[in-house]
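J.:
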Amino acid sequence: MYLSSTAQPSVKATEPPQTTAPPTGNASAVSALRDRLHTMSLQSPGSPSKGARSTAEANNAPASSSKDARFTAGSNDEDNSTTMTSSDAAQFHEEFVDLKDIVWKLVKSNNRLKENSSTIKNDVSSLDEEVSSLRDEIRLLREETSHLRNDILHLRGENKELLGCQSALTDIISSLKCEMARLEKRYKDRHNPSASSMLIPPAFDANAERFYVVVKGRCPGVYTNLVWAQKMIEGLDPKVYIWQRVDGYKKAQAFYEEAERLQAVNVIERDFPNDGGVYGPIVPFVPWRQS
């Protein structure tokens, strides 16, 4: 700080300026820069400090002072001014160096921020590309899922048709077995006249899905072989014979027993026992009453 013209003749040595630790962040560096600039503006050589101005006002000398006192005060003021000017120059130089370091650090920090900003922009761009790629993959997966659902529905329909064909093939195989048994029996009867020539109906399957109930025909009853059931009404007048396809064993039993209760069960157009080798027995085939 500068001393006014009324200060004491002896001037104490100026203390060395205190250095402050460099700020760690941009905000603290900017704040330190502002404080240094403000201090330099207050301590410029052309504007004395508040202490100097207050000392001058308190020690304001009267107008009737002697010429020797004025001369002595003026001489001391020149010496003080010279001493404070060189000290302030050194202090300003040190502060200038500190300010230069602070500005350099700010420039480096700004460059790092620019680099980080550029890196973040590149990362965001990469993430946008990955998100777009994931959206395309999700769209393709949805399309594949839709195609798979359609294929499953188509396969279910084909499986249902295959089950129907399997059931028909089972009936045909059973009928062929019966025909083979009949042919074998006929062959045996020709070579052994004493043997019986009665044709045996196909085996009954209680676990079948479909049952064929013959109410009026060559041999009424409940069958699981479609070929044999059709044989019991084949060639008859459609207005005379009665038969029905029923799903489930219980329903088939109830249907036949209801026909018995109504006395609708009847054997028609048989030449028994002469046709026993073709149409089998004449007694109605009721599986739940077989021993």
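Using UniProt numbering, the letters of the sequence shown map in sequence onto residues 1 to 291.
Beta carbons are placed, not taken as given, at the ideal position from N, Cα and C, and that holds for glycine.
Any idea what DSSP makes of Val240, helix, strand or coil?
T.: The three-state secondary structure of Val240, taken from DSSP, is coil.
J.: Going by CA-CA distance only, name the one from Trp243, Glu95, Tyr223 that's closest to Ser175.
T.: Just measuring C-alpha positions, the residue of Trp243, Glu95, Tyr223 sitting nearest Ser175 is Tyr223.
J.: Return the chain-ordered list of same chain residues with a C-beta closer than 8 Å to the C-beta of Ala168, the five sequence neighbours on each side being excluded.
T.: Leu226
J.: So, for Ile172: in the same chain, excluding its five sequence neighbours on each side, which residues have a beta-carbon less than 8 Å away from its beta-carbon?
T.: These residues qualify, in order along the chain: Val227.
J.: Ordered along the chain, which non-local residues of its own chain (more than five positions away) have a Cβ less than 7 Å from that of Phe272?
T.: Cβ neighbours of Phe272 beyond the five flanking positions: Ile282.
J.: Between Arg186, Leu99, Ser126, which lies nearest to Ser28 when the distance is taken from Cα to Cα?
T.: Leu99
J.: Look at the alpha carbon of Lys108 and the alpha carbon of Asp128, and state the distance between them as a whole number of angstroms.
T.: Distance between Lys108 and Asp128, taken at the CA atoms: about 30 Å.
J.: Do the stretch 177–188 and the stretch 131–139 meet, that is, are 3 or more Cβ pairs less than 8 Å apart?
T.: no
J.: Using a Cβ distance threshold of 8 Å, determine whether the stretch 258–268 contacts the stretch 198–207, with at least three qualifying pairs required.
T.: no
J.: What's the C-alpha gap between Trp243 and Lys216?
T.: 7 Å
J.: Can you look up Asn159 in the DSSP assignment and give me helix, strand or coil?
T.: helix
J.: For my contact list, Cys219 and Gly280 are in at a C-beta cut-off of 8 Å; report their separation, rounded to the angstrom.
T.: Between Gly280 and Cys219 the Cβ distance is about 6 Å, and since that is below 8 Å, they are a contact.
J.: Rounded to whole angstroms, what's the CA-CA distance from Ser126 to Ser117? Just pull it up for me.
T.: 14 Å
J.: How many Å lie between Val265 and Val214 at the Cα?
T.: Rounded to whole angstroms, the gap between the alpha carbons of Val265 and Val214 is 8 Å.
J.: Applying the 10 Å Cβ sphere with the 16-neighbour rule, what's the burial state of Cys178?
T.: buried
J.: From the DSSP output, in three-state form, read off Gly221 for me.
T.: strand
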